[in-house]
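Colleague:
2 protein chains.
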Amino acid sequence: MSTLSPLVPFLGSILVSVILLKQEQSEKPEQQKKRTMTRNAVSMTKEAVMKLRRKYFSKSVSISYANSGPLMIVQGRGSHLIDENGVAYLDTRNNVAHCGHSHPRVVKAVQDQVAQLNTNTRYLHPNVATLGQRLSNLFPDPLEIVFFVNSGSEANDLALRLARACTGSKNTIVVDGSYHGHTMTVLEVSPYKYEQGGEFDLQPPKMGLKFQSPGRHIWKVPAPDIYRGPHRDIRTAGREYAKTVEEACHFYQKECGEKVGAFLLEGGMSTPGAILSPPGYLAHSVKAVRDAGGVFIADEVQSGFGRFGTSFWAFQHQHPGHEEEVVVPDIVTMGKPFGNGMPLAAVVTTRAVAEAFETNAHIEYFNTFGGNPVCAAAGLAVLDTIEAEKLQQKAVQVGGYLQDKFMALQQHLEIIGDVRGSGFFIGVELVRDRTTLEAATEETSYICSVLKEKYKILTSIDGIFENVLMIKPPMVFSKADADYFVESFEGAVGDMKAAGDVRSMEKTPT
Amino acid sequence: MSTLSPLVPFLGSILVSVILLKQEQSEKPEQQKKRTMTRNAVSMTKEAVMKLRRKYFSKSVSISYANSGPLMIVQGRGSHLIDENGVAYLDTRNNVAHCGHSHPRVVKAVQDQVAQLNTNTRYLHPNVATLGQRLSNLFPDPLEIVFFVNSGSEANDLALRLARACTGSKNTIVVDGSYHGHTMTVLEVSPYKYEQGGEFDLQPPKMGLKFQSPGRHIWKVPAPDIYRGPHRDIRTAGREYAKTVEEACHFYQKECGEKVGAFLLEGGMSTPGAILSPPGYLAHSVKAVRDAGGVFIADEVQSGFGRFGTSFWAFQHQHPGHEEEVVVPDIVTMGKPFGNGMPLAAVVTTRAVAEAFETNAHIEYFNTFGGNPVCAAAGLAVLDTIEAEKLQQKAVQVGGYLQDKFMALQQHLEIIGDVRGSGFFIGVELVRDRTTLEAATEETSYICSVLKEKYKILTSIDGIFENVLMIKPPMVFSKADADYFVESFEGAVGDMKAAGDVRSMEKTPT
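From first to last, the protein sequence lines are chains A and B.
For the first sequence, this note's numbering assigns the number -6 to the initial residue and increments by one for each residue that follows.
For the second sequence, this note's numbering assigns the number -6 to the initial residue and increments by one for each residue that follows.
1) For residue 133 of chain B, count the other beta carbons within 10 Å of its own beta carbon; 16 or more makes it buried, fewer makes it exposed. Which is it?
2) Along the chain, where does the alpha helix (DSSP H) that runs through residue 38 of chain B open and close?
3) Shortest alpha-carbon distance to residue 52 of chain A belongs to which of B/347, B/205 and B/315?
4) Cα-Cα, which of B/462, B/412, B/435 and B/452 is closest to residue 498 of chain B?
5) Taking 8 Å as the cut-off, does the stretch 164 to 180 of chain A touch the stretch 139 to 155 of chain B (at least 3 CB pairs, one atom from each stretch)?
6) Under 9 Å between beta-carbons, which chain A residues line up against residue 78 of chain B? List them in chain order, please.
7) So with Cβ pairs under 9 Å, would you call residue 284 of chain B a contact of chain A?
8) Please go through the stretch 385 to 452 of chain B and give each complete alpha helix (DSSP H) segment of 4 or more residues, from N-terminal end onward.
9) Could you run through the stretch 361 to 372 of chain A and flag, in chain order, every residue whose CB is less than 9 Å away from some CB of chain B?
10) Select from the stretch 160 to 180 of chain B all residues with a C-beta closer than 7 Å to any C-beta belonging to chain A, and list them in chain order.
11) Which residue's Cα is closest to the Cα of residue 318 of chain B: B/277, B/166 and B/296?
12) Nearest to residue 506 of chain B by CA position, among B/314, B/290 and B/164, is which residue?
13) Using 9 Å as the threshold, is the C-beta distance between residue 139 of chain B and residue 151 of chain B below it?
14) Going along the chain, which residues of its own chain have a beta-carbon closer than 6 Å to the beta-carbon of residue 358 of chain A, five neighbours each way excluded?
15) What do you reckon, are the CB atoms on residue 168 of chain B and residue 214 of chain B nearer than 9 Å?
16) Would a C-beta distance cut-off of 9 Å place residue 334 of chain A and residue 478 of chain B closer than the cut-off?
17) Return the residues of the stretch 36 to 59 of chain A that lie within a Cβ-Cβ distance of less than 7 Å from chain B, sorted by chain order.
18) Taking 9 Å as the threshold (beta carbon to beta carbon), is residue 438 of chain A in contact with chain B?
19) Comparing C-alpha positions only, which one of A/416, A/365, A/405 and A/86 sits nearest to residue 385 of chain A?
20) Could you tell me if the beta carbon of residue 121 of chain A falls within a distance shorter than 8 Å of some heavy atom in the ligand GTP?
21) So, helix, strand or coil for residue 481 of chain A, using DSSP?
22) Going by DSSP, which residues form a beta bridge with residue 312 of chain B?
23) DSSP state of residue 321 of chain A, grouped into three classes?
24) What three-state label does DSSP hand residue 23 of chain B in the structure shown?
25) Report the residue from A/328, A/284, A/337 and A/263 whose alpha carbon sits nearest the alpha carbon of residue 422 of chain A.
26) Rounded to whole angstroms, what's the CA-CA distance from residue 437 of chain B to residue 452 of chain B? Just pull it up for me.
27) Suppose only complete runs of 3+ residues qualify. What are the beta strand (DSSP E) ranges in the stretch 58 to 142 of chain B, listed by chain order?
28) Cutting at 7 Å between CB atoms, please list the residues of its own chain near residue 85 of chain A, excluding the five before and the five after it.
29) Hey, does residue 488 of chain B have any beta-carbon neighbour from chain A nearer than 9 Å?
30) Out of curiosity, what's the CA-to-CA distance linking residue 206 of chain A and residue 246 of chain B?
31) Can you find a C-beta in chain B that's less than 9 Å from the C-beta of residue 122 of chain A?
32) State the Cα-Cα distance for the pair residue 135 of chain B and residue 295 of chain B, rounded to the nearest angstrom.
33) List the endpoints of the continuous beta strand (DSSP E) containing residue 338 of chain B.
34) Ignore the nearest five residues each way along the sequence and tell me which others in residue 218 of chain B's own chain have a CB closer than 6 Å to its CB.
35) Listed in chain order, which residues of the stretch 345 to 360 of chain A have Cβ atoms closer than 9 Å to some Cβ of chain B?
36) Specify whether the stretch 238 to 256 of chain B and the stretch 117 to 124 of chain B touch according to this definition: at least 3 beta carbon pairs, one from each stretch, less than 8 Å apart.
Here is the structure:
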């Protein structure tokens, strides 16, 4: 594989040319002209852009590959992002461009609607009403009522608000390593952030809490990790991990004499490192939460819209051979892929929760941009595309194929400790030792850096030890993309071995 | 005027036809075809849309004119919104469609960019870098660093986060009747919402607080209202009202031994009823806040981008004859008009605040959609349009003309108690008695209902007594629009008088 590598940028360019050619052949002359004009209009150099960014942006807004060389991306096509020199990068990480970057159906829907009208939901409009119906119909009963918002953060913020208005309790059970967004209320339930930052007065593990926490109302349970955690037998781990949720419920109910407010869980746990709820975990945990007066919020911002392949939402996921009754959440949040890049997100809940909110909060909920006809048009086009291009089935087939290929690689690459996930939501966990499970943190960073530099592949790293390759590509990711990715990964591991000890090298954040 | 009224819907249609004709003449044939196709594609009836809305939406998401007949709006052109029958409504309330509904420059910018790329700010892109520079350059020093987000709510949420990370204090001084957005943290500093709702455990006026509040860390000061409040002399009111802010600072500093975190104030106070800071108010209030360790956050979500006419931002507003030194905020938030309907908002702050955030929070700030190249393209087009069409000057001229016309009307219409504002940010306060200032709440509702039904004019009502006509039209509002609005208003007052006592009639929420 490594003998091929010098050709890769060149092959990338050819690939892009082919993609563009294919697209342009089906276009009318005036559309071709427009695209060419715009492409040429990107006349700033990367250095000039970088200079502005340094001057006017906070360092807290981070850039990918800041150490090894940030990318200026000016075009997106399918599973590829293209820089200012026409070099195409295979995108294995962007779950926002669900239907593929610049999908023609979404592009046309936005172009048509923006020329007509873009206003708020105080007026009736067919787009938002139809989108509400279609989204609602994608859920099992009794999930029915839809709120449109602008981002996954706004969705999780509103979900917590609904839960609190409906239960009267702020007590929230959250999972270690999870991230749910950037508003202050949502940060407070995101251990991934509040434990890193100095923003929260973290209270020590007293007051009955076992972990430090931004307040007694936040209880952190361990991620139900069957690779690295204390319970590793898939047949019993779900029941065992559910006990940590039961313990939290017991604390609030018995020791504090309070209700639980919400159990907030990602359908597929992304930042914790591509962790899926083991069989029995949801059933037992949610029963305890409901018995304690709380509601179950499934955060599908990263994992929804068919990404899991065998199910449309991750909360419906069944481990093969361990099928069980699906636990239906009280509230579901979604965001990233919903508008294929256009800011669109939503909360779906039951009529009972919505009515409790109407009664207890009795104030209007207004979101200026949420559900506007342009973003709603993008949402409708995304749902159409998922159906028309059978993207959910593609997640089963190509995602399954990709996972199998990594599993095959695991047979002879010692560094691959675990391969897990469902559909196009895949984690590849890298370790130094398959017995001790010592995390290969620096190695993961090095490999991802080589993947970007040499093989022109964009990846992301997750997990509390930053040693999990988190694979969430656009759903149009092809078998050829999968082949190229796995071969390049193997090549990058070879390159790393040739480079010597990478543990002392500077870490490259990706 | 009322003799003209039966013709109005018909005139509205003619007007729209003229607007469309004008636009279509300047378009190429293929664009004309596209628009016609889309226009015909809106084939659902209003009843069908209403039915979906009732089934899938929460009642807490409200509809304008719910009692008198909701509108289905399918097209926007300039200062008009157009329903499914082609009836055009003059829009006097929508400060989101800043450059006019469906402004061709914004439409084209979005259409071009969405076909190229829509991704996040982890990669460099000329649009977001250039927008950061241009936005930053619209502020006086030391305001410099820009954060892009999706909505005014997200902007205010982040502003509070910056303020808290930088001062180490959550104590926040807010203005009675104010609204800053819908995330939970932002609702907590919005008396307009938290006093209506049952969501917050409002604490009684003890613990040193003079008002009930969601917590000791929220201190509400009265709006500096020189029409209805205790201080009505423009020469001294600013100083007097600033004492209420000084009192809050004294409480936190002297009685609690704590810093003030932030003083959060709308540049133009919209929901409190079109209230402007009187001369001296900002200078004295902000001095007290800074002396107590706090920062000043100016919320320009409703009032920014030239709407005030004589100044680009409302915090820079000077009352004629009462000029003073401008107080530069530590943090400014903006949203609604920034993308002319596309979800785009921002926080601008000083390097000192940004660096304190980087140091104290030391976690990455990532916003998936914030600053994406499509919404950034809309933002750039908005800034271009403001400049090219001299919209700020237009706010001075046409806004001033409109305000003068209402003032002239005030001479013989007793119900007009006060006309105030700046540029295209105008309040017309309606009273039953100019001495007692008894609020004409039901009358305001009735008049706005007639304006919509008979004259096809969309209005909004603000103020704690819901008796202030809040005028914030698209900035392309013309002198002819102003004439038609003021004549219709006079007509509607006549219609109301003819109808008898409207106080007992059902109130029509607008």
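Idealized CB from N, CA, C, for every residue including glycine.
Just so it is clear, the structure is predicted and the values come from calculations on it, not from any experiment.
Modeller: Once the coordinates are examined:
1) exposed
2) From DSSP, residue 38 of chain B is part of no alpha helix (DSSP H); its letter is neither H nor E.
3) B/347
4) B/435
5) yes
6) Under the 9 Å cutoff, chain A gives no residues; its nearest Cβ is about 13 Å from residue 78 of chain B.
7) no
8) 393 to 405 and 434 to 446
9) 361, 362, 363, 364, 365, 366, 367, 368 and 371
10) 175, 176, 177 and 178
11) B/277
12) Examination of residue 506 of chain B is not possible in this model, given that chain B is present from -6 through 503 alone.
13) no
14) none
15) yes
16) no
17) 37, 39, 42, 43, 45, 46, 49, 50, 51, 52, 53, 54, 55, 56 and 57
18) no
19) A/416
20) In the structure shown, the ligand GTP is absent, as is every other ligand, since no ligand is present at all.
21) helix
22) BP columns for residue 312 of chain B are empty, so no partner.
23) coil
24) Note that residue 23 of chain B has pLDDT 42, beneath the 50 cutoff, so the model's placement of it is unreliable and the number below is only indicative. If DSSP states are grouped into helix, strand and coil, residue 23 of chain B belongs with the helices.
25) A/263
26) 10 Å
27) 66 to 70, 73 to 76, 81 to 84 and 136 to 142
28) 450, 451, 452, 464, 466 and 478
29) no
30) 28 Å
31) yes
32) 23 Å
33) 338 to 343
34) 268
35) 347, 348, 350, 351, 352, 353, 354, 355, 356, 357, 358, 359 and 360
36) no
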